[in-house]
Amino acid sequence: TQLLEQSPQFLSIQEGENLTVYCNSSSVFSSLQWYRQEPGEGPVLLVTVVTGGEVKKLKRLTFQFGDARKDSSLHITAAQTGDTGLYLCAGWDYGGSQGNLIFGKGTKLSVKP
Amino acid sequence: NAGVMQNPRHLVRRRGQEARLRCSPMKGHSHVYWYRQLPEEGLKFMVYLQKENIIDESGMPKERFSAEFPKEGPSILRIQQVVRGDSAAYFCASSPRQNSPLHFGNGTRLTVT
């Protein structure tokens, strides 16, 4: 079974600051996905990165997939209070016959006004 | 276009009772996944179903837990003789095809007293 490790586990910053969170594995993934989950709700897909070295931007969020497709990062510029939430990375694990989507434990981000 | 619908949102059961959690996937989605989430532990895969078939149940405990996705009606996750350790948030997700990003419901929070 492949594992995804996310760091840091918790992050508390002031509005306007920049931050980066990481998702690492010793295994190669064909793609990685990033989700955001707010309290009391289910995760919502932000982006899928597919190609090694790929960079995708979503407004103030920049996602990068490592060249070796074993890691990914999410950078937020000028964080806002609305960015508060749990950020999860996920990848398909084909250890079983059909594959299932496995998740890291997430980074819990708190942006203070 | 309704998203993934889960009910109930909150469920309280005494030890030894049965819990039934329902999930209606998004329209046009025939793949359903169930996950369990505990605080600080992330989302743990339980089972993956297609209409009338269990594709992968490698994450589901062998005893007391079962899942179905009948031809008509919602997917059901059933927990018999619940114990306190079953208290968690249970999320259902659906997708239109295998290996697509998942669309999550807002979960059922099960509390066992």
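Chains A and B supply the protein sequences, listed in that same order.
To convert a position in the first sequence, counted from 1, into this note's numbering, add 45.
To convert a position in the second sequence, counted from 1, into this note's numbering, add 33.
Positions of the beta carbon are idealized from the N, C-alpha and C atoms, including for glycine.
Next on the checklist: Taking only three categories from DSSP, how would you classify Asp-119 (chain B)?
Outcome noted: helix
Checklist entry - Taking Ser-27 (chain A) as the reference, which of A:Thr-126, A:Leu-90, A:Glu-50 and A:Val-66 has the closest Cα? => result This structure gives no information on residue 27 (chain A), because the portion of chain A shown stretches from 46 to 158.
Item to check | Contacts around Pro-41 (chain B), its chain only, beta-carbon distance under 7 Å, and the 5 residues preceding and following it disregarded | outcome: Same-chain partners within the cutoff: Thr-141.
Item to check | Same chain only: Cβ atoms within 6 Å of Val-65 (chain B), ignoring 5 sequence neighbours per side | outcome: Pro-58, Leu-82, Phe-102, Ser-108 and Ser-127
Checklist entry - Under the three-state reduction of DSSP, which class applies to Thr-126 (chain A): helix, strand or coil? => result helix
Item to check | Interface positions of the segment 118-134 of chain B facing chain A (Cβ-Cβ less than 8 Å), listed along the chain | outcome: Phe-124, Ala-126, Gln-131, Asn-132 and Pro-134
Checklist entry - Straight-line CA distance for Ala-100 (chain B) to Thr-122 (chain A)? => result 42 Å
Checklist entry - Nearest to Leu-135 (chain B) by CA position, among A:Ser-52, A:Cys-68, A:Lys-150 and A:Leu-77, is which residue? => result Comparing Cα positions, the closest option is A:Leu-77.
Next on the checklist: Taking contact to mean 3 or more Cβ pairs, one atom from each stretch, closer than 8 Å, check whether the segment 61-80 of chain B and the segment 108-124 of chain B are in contact.
Outcome noted: Yes, since at least three Cβ pairs between the segment 61-80 of chain B and the segment 108-124 of chain B fall closer than 8 Å, the two stretches touch.
Item to check | Residue-level contact to chain B via CB, Thr-93 (chain A), 7 Å cutoff | outcome: yes
Checklist entry - For the candidate residues A:Lys-104, A:Phe-110, A:Glu-86 and A:Trp-137, whose alpha-carbon lies nearest to that of Gly-97 (chain A)? => result A:Phe-110
Next on the checklist: Suppose you measure from the CA of Glu-60 (chain A) to the CA of Lys-153 (chain A); what does that come to, to the nearest Å?
Outcome noted: 15 Å
Checklist entry - Are Phe-137 (chain B) and Gly-87 (chain A) closer than 7 Å when you measure CB to CB? => result Yes; because the gap between Cβ atoms is below 7 Å, this pair is in contact.
Next on the checklist: Using a Cβ-Cβ distance cut-off of 7 Å, determine whether Leu-143 (chain B) contacts chain A.
Outcome noted: no
Next on the checklist: Just list the residues that DSSP pairs Ser-108 (chain B) with in beta bridges.
Outcome noted: B:Cys-56
Item to check | Same chain, Cβ closer than 6 Å to Met-93 (chain B), five either side skipped, listed in chain order | outcome: Met-79 and Val-80
Checklist entry - Between the Cα of Cys-68 (chain A) and the Cα atoms of A:Leu-48, A:Ser-155, A:Leu-56 and A:Ile-58, which residue gives the shortest distance? => result A:Leu-48
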